[in-house]
Structure formats: structure tokens, C-alpha cells
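Novice: Residue numbering for the sequence shown follows this note's numbering, beginning at 2 and increasing consecutively. Glycine residues also receive a C-beta, built at the ideal position from the N, C-alpha and C atoms.
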Amino acid sequence: MHFLLKISTLILSLRVLSGCQRSDPLASYAWLYQRTGQPVAASEKTLTVIAVGDILLGRGVTAPEKAFAESAGWLSSADLTLGNLECALTDNPITTTSTLSHSVPPPVRLYAPTQAAEWLKTAGFDLLGLANNHSLDAGPDGLRQTAETLQAAGLGVVGAGGSQEQALQAYFYSQNGVRLAILSVNAIPIPPDNALPQGQSAEQGWDIARWERQALLSAVQTARLEADAVIVSIHWGYEYHSQPDPAQMRYAEMLFEAGADVVIGHHPHVVQTPEVLTLEDGRTVLTAYSLGNFVFDQGDEEGTDEGLVLRLVFDNQGLRAAQVLEVAAGVQPQLIQPTPSLQSKPTSLKGGESEKPAPSAQSSQPAQSLHSTYQCEGLVCAEAQTPQGLVFSGGVFEAGAADLDGDGQPETITLEGGRLQVREPNGTLAWESPLRWLVVDAALGDPDWDGRPDLVAIFWKADKAGVLRSHPFLIRQNGGRYEEVWGGSAVSEPIWEVEVTDLNGDGLDELVMLAMAPGRSGQTLSVWEWHGWGFSQEWRSAPGAFENLRTAPGGWLTVD
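#1: Is D55 helix, strand or coil when you go by DSSP?
#2: Which runs of the beta strand (DSSP E), 3 residues or longer, sit entirely within the region 481-522?
#3: For the beta strand (DSSP E) that W32 lies in, which residues bound it at each end?
#4: Based on the DSSP output, what are the partners of F474 in its beta bridges?
#5: Taking just the CA atoms, how far does W75 sit from S19?
#6: Should the region 375-394 be called in touch with the region 420-440, which here means at least 3 C-beta pairs below 8 Å?
#7: For the beta strand (DSSP E) holding G143, just list the boundary residues, first then last.
#8: Starting from S175 and walking both ways along the beta strand (DSSP E), at which residues does that stretch end?
#9: Could you pull out every unbroken beta strand (DSSP E) segment of at least 3 residues lying fully inside the region 107-131, listed in chain order?
#10: Please name the residue or residues paired with Q335 in a DSSP beta bridge.
#11: Can you give the Cα-Cα distance for Y112 and D92, rounded to whole angstroms?
#12: Go to A73, then tell me how far its beta strand (DSSP E) extends in each direction, as first and last residue.
#13: Under 8 Å Cβ to Cβ from T305, same chain only, skipping five residues before and after it: list those, please.
#14: Kindly confirm or deny that the region 175-190 and the region 41-58 touch, where touching means at least three C-beta pairs closer than 8 Å.
#15: Going by C-alpha distance, which of R420, G238 and E384 is nearest V560?
#16: Can you give me the start and stop residues for the alpha helix (DSSP H) that Y562 sits inside?
#17: Apply the 10 Å Cβ neighbour rule to E37 and answer buried if 16 or more other Cβ atoms are within range, or exposed otherwise.
#18: Classify P367 as helix, strand or coil using the three-state DSSP reduction.
#19: Return helix, strand or coil for S342, following the three-state DSSP convention.
#20: Report yes if the C-beta distance between L550 and G379 is below 9 Å; otherwise report no.
#21: When burial is assigned at 16 or more other CB atoms within 10 Å of the CB, is T150 buried or exposed?
#22: To the nearest angstrom, report how far apart C382 and D510 are at their CA atoms.
#23: Would DSSP call T305 helix, strand or coil?
#24: Just the C-alpha distance for V159 and D55, rounded to the nearest angstrom, thanks.
#25: Could you tell me which residues DSSP puts in a beta bridge with W207?
#26: Given a cut-off of 9 Å, decide if V314 and V528 are closer than it, judged by their beta-carbon atoms.
#27: Are V264 and T288 closer than 9 Å when you measure CB to CB?
#28: Could you tell me the boundaries of the beta strand (DSSP E) in which T288 lies?
#29: On the premise that E494 lies in contact with P519, defined as a C-beta separation below 8 Å, what is that separation, rounded to the nearest angstrom?
#30: Can at least three beta-carbon pairs, one atom from the region 406-416 and one from the region 153-171, be found at a separation below 8 Å?
#31: Between W212 and the rest of its own chain, which residues show a CB-CB distance below 7 Å, the 5 nearest in sequence each way excluded?
#32: Measuring only the C-alpha atoms, how far is L281 from A322?
#33: Which of the three DSSP states is assigned to G84 in this structure?
#34: Using the C-alpha atoms, what's the distance from V231 back to G260?
#35: Excluding five sequence neighbours on each side, which residues of the same chain lie with their C-beta closer than 8 Å to the C-beta of V457?
#36: Mind checking whether D229 and D316 have CB atoms under 9 Å apart?
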């Protein structure tokens with residue numbers, strides 16, 4: 002079951018926080034969510050958090066000491082203000098003198114002076130998340146120095162430590178009898194450490210919290226036992242993509258099931274629309290897939306000059322209310338004046354009625370989540386009604402088994418944190434995807450018709466300009482080695498998901514792909530067949546808002 006359902010929306014009259022003083026600089030902004038549709042009363046015991054997106058106080062950020070001149074007044078209005086610090090604080094940046102052969106181009110490294118800690122404190126920040134792909138840009142010692150510099154300025158840090166156990170420890174904060182836990186984790190591959198001093202590795206000494214599913218979910222569960230609400234700040238997704246990918250949605254599901262109340266994302270550097278959901282246990286949760294930039298020196302890529310800020314209100318029951326603020330991001334971010342906007346109604350994940358928002362003369366009926374189903378005759382597919390009892394399988398790959406080496410014993414294949422791993426029946430690691438790959442989906446089958454299962458991987462890696470590009474690969478075990486036998490070149494339309502299945506019933510597998518449509522006008526489904534030296538496209542659907550590709554016997558495809 003796909004637990005993350007799309008939010009329903011309806012236009013509501015703007016509300017302000019009941020009991021707030023007239024001087025509240027954020028009072029005129031709409032609320033994305035209010036429990037039972039009611040404003041928070043001044044008498045309620047609550048804890049308020051403000052969370053912003055990516056922060057860089059170096060490189061092309063001119064006059065970084067003045068970066069918060071337009072935002073300090075409202076940043077300090079919350080009980081706890083949180084940001085993602087995407088740079089290392091050091092007065093002695095590492096100079097790259099050589100690169101490893103597998104690292105072309107050299108990775109981008111982001112630094113800011115140690116004085117930045119005082120600028121952050123003065124602006125109103127209380128806590129900085131350090132789990133991202135640039136916190137180790139000055140090496141393990143630089144990460145430790147960054148944390149110690151922030152702490153010396155009176156700021157809290159989360160997502161880093163002398164071990165993975167320490168890095169995954171939650172930061173706890175209490176106010177008005179409400180106890181909040183915050184965790185920070187990175188799910189983006191770390192750049193190769195070719196700029197670090199000789200002999201030093203990012204695996205040694207201080208480290209950031211990395212996406213290791215069981216360890217992270219266990220940390221969230223532990224934090225939930227000690228807090229009224231849990232926030233997970235996570236570095237994930239694809240740069241400059243305005244829509245979350247299926248892996249982000251799946252990770253959010255796991256975090257909510259483990260006990261998180263709010264998931265706050267960053268790394269894409271553009272805004273991805275937040276969603277409010279109601280879980281089967283009755284909890285209302287919020288995913289802000291990407292808040293975009295806050296203080297950053299970008300702007301060439303569309304959308305990098307925009308960002309979101311969350312104001313979250315918690316009580317002893319969890320998330321009480323959530324407000325979304327638009328900001329003009331850049332070297333000196335500013336709030337954008339509010340305009341009437343859509344407010345979300347939480348969607349129930351158990352099929353029952355969700356909580357009712359306050360009445361509005363402009364309210365509309367909630368939109369229903371629909372599936373698009375196709376049946377293929379030969380390799381040409383057309384939309385069709387789904388027969389009762391038809392069972393679909395697939396979705397984003399997590400784990401599977403196949404006899405890749407032909408010895409009669411299946412290997413175990415897992416996809417975790419963007420890395421594919423193949424293990425022998427005895428648990429020995431036989432192959433893993435290179436560090437420079439960010440694997441987003443995989444499939445097992447025999448699409449090249451050689452009589453043995455192969456591994457199909459969809460991944461992203463940086464081109465010579467450092468821009469991530471989407472690639473497909475077919476990986477085959479041959480004489481004890483895993484070889485990349487097809488694919489490699491970047492595709493013009495990024496691939497989101499892949500399945501391997503026999504669509505036309507001839508006993509031979511085909512590839513089914515879910516990819517970005519030309520012009521980024523949604524997504525398309527396509528069917529590809531082996532022709533002896535590669536794959537040729539046999540069919541492609543019209544663009545739509547698709548995700549979660551699955552297949553069923555008899556040539557059936559479905560997407561959400």
C-alpha cells in the first residue's frame with residue numbers, strides 16, 4: 002500500500018494565530034494546517050519552531066555579516082529557530098591540489114569563516130543541522146571545529162558527532178511543558194575526499210549522520226518515547242527538481258511510521274510543495290520535501306531565488322498548527338508579502354474521514370486519489386479499467402534476490418541510501434555501486450535475453466560541469482566480476498523508476514520506465530525491448546502526473 006496520499010486542498014479565509022500580539026510579524030500569513038481548523042489560543046501550552054532552508058555564508062555571498070539584516074526580527078520570534086548549515090566553518094579552507102582518477106570534476110566545497118557562528122546567533126538561530134553533503138568539506142576535523150565553533154557561540158548542533166551513534170542522537174528542547182526532539186540526517190552521497198589532507202578519510206574521526214535505515218528509524222523511535230513530537234531534518238532529493246521523487250516519499254513514510262511528526266527536507270535548492278497527512282494512528286504529520294534556499298549565492302537555476310519558511314506549533318499531542326512563509330532567497334533573504342493561498346486539509350491514510358477544517362464559503366470537495374492503469378497488447382499499451390482481484394507488484398526497489406552468477410544460489414540485492422549492494426548467500430559483499438552514483442531505483446530480470454537474471458540500475462552522477470545527470474545501466478555478473486554491459490550515457494529526460502517484466506507473454510522480458518516528459522511537462526511511461534545491442538522504445542504514454550510504477554501479469558501497468 003502506498004501510504005503517502007496526495008493532500009486535498011480547499012480555499013479557506015485567512016486566519017491569524019489567536020492570542021498573538023499585534024506586533025507578530027508573521028500574523029498575516031495563512032496557516033497550512035490547524036488542528037480541527039481552530040486557531041491556537043493564547044492560553045494553550047505550546048512550543049513554536051521556525052525552520053528555514055539551506056544556509057551558506059561564504060563563497061559568493063557578499064557581505065555575509067549582513068545576510069540576516071532583513072530577517073533577524075522574525076527569525077527570533079520563535080521558541081526555537083532551526084536551519085540547515087550547508088558549509089564548513091573554517092578560517093583555513095583546504096586547497097585542492099590534486100584529484101583522484103575517479104573524481105572528475107573535483108567536488109564543489111563550501112566554506113564560511115568561523116565568525117559566521119556569531120552572525121547566526123545574533124540573527125536568532127538556536128539550532129543548526131549539520132547532516133548534509135558539504136559539512137565534511139573541511140574534513141572530519143573541520144566538521145568537529147564547525148560544531149565546536151557553533152556551540153561556543155551558544156548555538157545547538159544536531160546531525161554530527163564523533164561516531165554514527167553520536168551523530169544520530171536527537172537534540173531535545175522543552176518549552177511550556179512541551180518536549181520536542183530534532184534529528185538531522187544526510188541521504189546524499191558525500192563527495193570523494195580527494196581534497197582532504199593526505200592519509201585522512203571522511204570515514205575517520207567526526208562524521209555526519211548518514212541514512213542507514215534501521216539505525217535512523219531506531220533513533221526516531223527512541224526519540225519518540227522521550228518527546229511529545231519529533232522533527233527529522235533530512236538532506237535528500239535531486240537538485241533543481243521542483244517535485245519530490247519516489248524515494249523521498251518512501252523515506253518520509255518510513256520516518257512517519259517510526260514516530261516522526263514533521264519531516265523537513267533540503268538539498269534540491271528549489272521549493273517542493275509541503276504535504277499534510279493523517280496517519281492510521283490518527284496523528285497529523287507534515288512533509289516539507291524541500292524548503293529551497295534561504296541564504297545562498299545561487300540564482301542562475303530557475304527557482305533557486307525562492308524559498309519557504311515553516312512556522313510550526315506543537316503541544317502535548319504533537320503538531321498543533323503549521324504556517325508556510327514565502328521568502329525571496331539570496332544573499333539577504335526577505336519575506337514575501339502574503340497573498341491568499343491554498344490551505345491543506347489532512348488526508349486520512351486509513352480510508353476514514355479526516356478532520357474537518359473550519360467552514361468556508363469557498364470550500365470545495367477534496368480531490369480523490371486516482372490510479373492510471375494500462376493494458377498492453379503486444380508492446381503497445383492503452384488505458385483500461387483494472388480488473389477486480391488483479392495484484393500489482395513493483396514500486397521503488399528496496400531489496401530482492403536473484404541468481405546473478407548462475408551457481409544455483411540467489412544473491413541478495415539491496416538499495417539503501419542511494420547505494421546498491423549485492424551480497425553472496427553467505428553475506429559477503431560481492432559488488433556495490435560506485436560512490437559517485439546516486440541510485441534511485443533498480444529492477445531484477447533478464448531484459449537482454451541471455452538466459453540469466455541481470456540488475457538494472459537507474460542512477461544520477463555528476464557530469465564534467467558538476468551537474469547531476471540521469472543514467473540507466475544494465476549490470477551483469479561475468480566470470481566473477483560485475484560488469485556494466487549497457488547504458489552509461491546521460492538521458493535527456495531523467496528516469497524516475499524502472500521495472501523488468503514480460504509484457505507480451507512471449508517469455509522474454511521488457512523494460513518499463515517512468516521518466517520525466519519532454520519539457521518537464523509531467524512524467525511518461527515507456528516500454529523498451531532488446532534488439533541485440535541495446536534497447537528500442539516500443540511505446541510511450543502521454544504525459545501525466547505519475548509515480549509509483551507497478552506491473553501485473555498479463556501486460557498490466559499502473560501508476561499513481
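Specialist: Put simply:
#1: Translated into the one-based positions of the sequence shown, residue 55 becomes position 54. It is a strand residue.
#2: Fully enclosed beta strand (DSSP E) runs of no fewer than 3 residues occupy 482-488, 496-502 and 511-517 of the region 481-522, in order along the chain.
#3: As a working mapping, residue 32 is identified with position 31 in the sequence shown. Start and end: W32 to Q35.
#4: For the purposes of this step, residue 474 is taken as the residue at position 473 of the sequence shown. Paired residue(s): A458 and G488.
#5: Counted from its first residue, the sequence shown places residue 19 at position 18. Counted from its first residue, the sequence shown places residue 75 at position 74. Low confidence applies here, because S19 scores a pLDDT of 34, under 50, leaving its location unreliable; read the following figure in that light. Distance between the alpha carbons of S19 and W75 is about 18 Å.
#6: Result no; under three Cβ-Cβ pairs closer than 8 Å.
#7: The sequence position of residue 143 within the sequence shown is 142, counting from 1. From DSSP, G143 is part of no beta strand (DSSP E) but of the alpha helix (DSSP H) over G140 to A153.
#8: For the purposes of this step, residue 175 is taken as residue 174 along the sequence shown, with counting starting at 1. Y172 to Q176 is the span of the beta strand (DSSP E), which, as asked, contains S175.
#9: Within the region 107-131, the runs of beta strand (DSSP E) at least 3 residues long that lie entirely inside it are, in chain order, 128-130.
#10: Counted from its first residue, the sequence shown places residue 335 at position 334. Q335 pairs with A329.
#11: Start at 1 with the first residue of the sequence shown, and residue 112 comes out as number 111. Start at 1 with the first residue of the sequence shown, and residue 92 comes out as number 91. Answer to the nearest angstrom: the Cα atoms are 9 Å apart.
#12: Indexing the sequence shown from 1 puts residue 73 at position 72. Element bounds for A73: not the beta strand (DSSP E) but the alpha helix (DSSP H), A73 to L76.
#13: To locate residue 305, count along the sequence shown from 1; it is residue 304. Cβ within range, chain order: Y241, H270, V271, G293, N294, F297, Q299 and A330.
#14: The count of Cβ pairs closer than 8 Å, one atom from the region 175-190 and one from the region 41-58, reaches three, so the stretches are in contact.
#15: As a first step, residue 560 is located in the sequence shown; it is residue number 559 there, counting from the start. Across the set R420, G238 and E384, the C-alpha of E384 shows the shortest separation from the C-alpha of V560.
#16: Examination of residue 562 is not possible in this model, given that the chain is present from 2 through 561 alone.
#17: Here residue 37 refers to the residue found at position 36 when the sequence shown is read from its first residue. The amino acid occupying residue 37 in the given sequence is Thr; Glu does not appear at that position. The Cβ neighbour count for T37, taken over all protein chains shown within 10 Å, is under 16; the residue is labelled exposed.
#18: The sequence position of residue 367 within the sequence shown is 366, counting from 1. Because the pLDDT at P367 is just 30, under 50, the model does not fix this residue reliably, and the point stays unresolved.
#19: Within the sequence shown, residue 342 is the residue found at index 341, counting from 1. Low confidence applies to S342: its pLDDT is 46, below 50, so where it sits in the model is not reliable, and the reading given next is rough at best. Secondary structure at S342: coil, using DSSP grouped into helix, strand and coil.
#20: Numbered from 1 along the sequence shown, position 549 holds the residue referred to as residue 550. Numbered from 1 along the sequence shown, position 378 holds the residue referred to as residue 379. No.
#21: Along the sequence shown, read from residue 1 onward, the residue named residue 150 stands at position 149. Counting Cβ neighbours within 10 Å, T150 comes out buried, since at least 16 surround it.
#22: Along the sequence shown, one-based indexing puts residue 382 at 381. Along the sequence shown, one-based indexing puts residue 510 at 509. Per the coordinates, the alpha-carbon of C382 lies some 16 Å from the alpha-carbon of D510.
#23: On the sequence shown, position 304 is the one that residue 305 refers to. Residue state, collapsed to three classes: coil.
#24: Here residue 159 corresponds to residue number 158 of the sequence shown, with the count starting at 1. Here residue 55 corresponds to residue number 54 of the sequence shown, with the count starting at 1. Their Cα atoms are separated by approximately 15 Å.
#25: For the purposes of this step, residue 207 is identified with residue 206 of the sequence shown, where counting begins at 1. According to DSSP, which records beta bridges pairwise, W207 is partnered with nothing at all.
#26: Sequence index remark: in the sequence shown, residue 528 carries index 527 (1-based). Sequence index remark: in the sequence shown, residue 314 carries index 313 (1-based). Contact: no.
#27: Here residue 264 refers to the residue found at position 263 when the sequence shown is read from its first residue. Here residue 288 refers to the residue found at position 287 when the sequence shown is read from its first residue. At a Cβ-Cβ threshold of 9 Å, V264 and T288 count as neighbours.
#28: Start at 1 with the first residue of the sequence shown, and residue 288 comes out as number 287. Element bounds for T288: T285 to A289.
#29: Numbered from 1 along the sequence shown, position 518 holds the residue referred to as residue 519. Numbered from 1 along the sequence shown, position 493 holds the residue referred to as residue 494. Correct: roughly 6 Å between the Cβ atoms.
#30: The region 406-416, when compared against the region 153-171, does not touch it at the 8 Å Cβ threshold.
#31: Numbered from its first residue, the sequence shown carries residue 212 at position 211. The beta carbon of W212 lies closer than 7 Å to those of V186, N187, A188 and G418 in the same chain, with the five residues before and after it left out.
#32: Numbered from 1 along the sequence shown, position 280 holds the residue referred to as residue 281. Numbered from 1 along the sequence shown, position 321 holds the residue referred to as residue 322. Reading the sequence as shown, one finds Glu at residue 281 and not Leu. Taking the straight line from one Cα to the other gives about 19 Å.
#33: Along the sequence shown, one-based indexing puts residue 84 at 83. Taken through DSSP and simplified to helix, strand or coil, G84 comes out as strand.
#34: Walking along the sequence shown from the start, residue 260 turns up at place 259. Walking along the sequence shown from the start, residue 231 turns up at place 230. So the alpha carbons of these two residues sit roughly 7 Å apart.
#35: Numbered from 1 along the sequence shown, position 456 holds the residue referred to as residue 457. The answer, listed in chain order, is A443, A444, L445, G446, P448, P473, F474, L475, I476, V499, V501 and L512.
#36: Here residue 229 refers to the residue found at position 228 when the sequence shown is read from its first residue. Here residue 316 refers to the residue found at position 315 when the sequence shown is read from its first residue. Contact flag set, yes.
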